[in-house]
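Residues 0 to 311 in numbering that gives the first Met the number 0 are what the sequence shown spells out, letter by letter.
Cβ atoms here follow ideal geometry from the backbone N, Cα and C, with glycine treated the same way.
Note that the structure is predicted; figures quoted are calculated from it, not measured.
Note sheet for the following structure.
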Amino acid sequence: MPGFIYTIKYITMKNVFALLLILAVGLNTATAQKLKPYTIGAKTTGTVSSVKATVKSALESNGLTVVGQYRPANDANRWVIAITSPELKSAVRKVGGTTGFALALRVGITKEGSNIIVSYTTPAYWGNAYFQKNFGKVKSLYNQVAGKLKTAMSAVGGGGGTMYGSAKGMTASDLQGYHYMFGMPYFEDNIKLNSFGSYSAAVAKIDGNLSRGVKNLVKVYSIALLDKNLKLYGIGLRGSSGESAFLPTIDYGNPKHTTFLPYEMLVYNGDVYMLHGRYRIALSFPDLGMGTFMKIVSTPGNIEDLLKSATK
């Protein structure tokens, strides 16, 4: 009988432990942070022109390097400032390859009604998407960048800190394996725009073309890691199939997704890549319905054609 009682107690304690473990895992899953593509940095008043100078100064005062800026979709109510930092460069150096797409983050200034909304791409959202299972190796670096952005924005105005761009958001795990739906591309399903004999040949061709001017393309920035044979370009898209053709169709809510742009292309060794439009657009607008996507069905191909023209 004592042995029987001991066995019952053992089984009972074993079941209790298993139940507690299941509850702990479930609680951890339920409380996992949900990330969204954009973060409101500050709300202020004035004009886009006056605020952009304040934002640039605040960013640079906090160790963030402004690498370029422009007016997306030629919209007078929008402005984008592209930034990098030693932390972002160190993160890409740790992993290399197509994580080069993570060399830049974007800060947007948008006039919405009587307010100016200053927003930025949420570092952890894009970091998880681009570094995938390697994000743990660079998480501390991304935390530093997030801290710098938060401090910089506090000098611009109040009302910041809220993430937006997706009603429910996504966990880090969701982002690391993200695709919009079955049959749609993942991060690694990037598009090769062109191939050259070497990194230097690829960069020379693109830099030469952009310097001379390529129809419907505007160079916003470039960031190079020579030791990794990586160079990231941010490119504004003009013309009848450019930003002004698709941005109003997909960016109809508030706050605006101004920092969705510019689009990027990456030189890695002798090859030139872009993220697939059906991945990059979906990642930027994860709540967009299929009906709206169908309205821009030609956009991914149009973007590919535009960027490819810089490599010819």
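Of the choices the options, whose alpha-carbon is the least far from that of residue i?
i, options, result
"residue 184", "113, 278, 121, 190", "278"
"residue 240", "266, 304, 261, 116", "304"
"residue 85", "69, 95, 140", "140"
"residue 51", "104, 112, 64, 117", "117"
"residue 295", "113, 280, 308", "280"
"residue 265", "103, 74, 66, 214", "103"
"residue 195", "269, 230, 143", "269"
"residue 172", "157, 124, 83, 302", "124"
"residue 126", "142, 113, 114", "142"
"residue 291", "247, 61, 82", "247"
"residue 112", "261, 289, 253, 159", "253"
"residue 154", "89, 68, 53", "53"
"residue 293", "249, 200, 97", "249"
"residue 255", "299, 74, 301, 134", "74"
"residue 69", "299, 217, 289", "217"
"residue 178", "45, 274, 301", "274"
Output yes or no for whether 9 Å exceeds the beta carbon distance between residue i and residue j.
i, j, result
"residue 282", "residue 128", "yes"
"residue 99", "residue 227", "yes"
"residue 121", "residue 38", "yes"
"residue 180", "residue 35", "no"
"residue 189", "residue 272", "yes"
"residue 33", "residue 193", "no"
"residue 71", "residue 259", "yes"
"residue 213", "residue 309", "yes"
"residue 175", "residue 245", "no"
"residue 147", "residue 63", "yes"
"residue 42", "residue 164", "no"
"residue 221", "residue 231", "yes"
"residue 87", "residue 144", "yes"
"residue 115", "residue 47", "yes"
"residue 136", "residue 91", "no"
"residue 215", "residue 233", "no"
"residue 119", "residue 182", "no"
"residue 229", "residue 262", "no"
"residue 276", "residue 298", "yes"
So residue i is in the alpha helix (DSSP H); what residue range does that whole segment cover?
i, result
"residue 290", "289-294"
"residue 138", "134-153"
"residue 34", "Taken as a continuous stretch (DSSP letters only), residue 34 belongs to no alpha helix (DSSP H), as it is neither H nor E."
"residue 298", "298-307"
"residue 175", "171-175"
Since residue i is in the beta strand (DSSP E), which residue starts that stretch and which ends it?
i, result
"residue 81", "77-83"
"residue 104", "104-111"
"residue 118", "114-120"
Sequence ranges, alpha helix (DSSP H) only - wholly within the segment 38-68, length at least 4: 47-60
Please go through the segment 177-244 and give each complete alpha helix (DSSP H) segment of 4 or more residues, from N-terminal end onward. 198-211
Are the segment 53-70 and the segment 196-206 in contact at 8 Å, needing three or more beta carbon pairs? no
Are at least three pairs of beta-carbons, each pair with one atom in the segment 107-119 and one in the segment 78-85, less than 8 Å apart? yes
Threshold first: 3 residues or longer. Then list the beta strand (DSSP E) segments lying entirely within the segment 239-285, N to C. 262-267, 270-273
Check whether the segment 284-302 touches the segment 156-168, counting contact only when three or more Cβ pairs, one atom from each stretch, lie closer than 8 Å. yes
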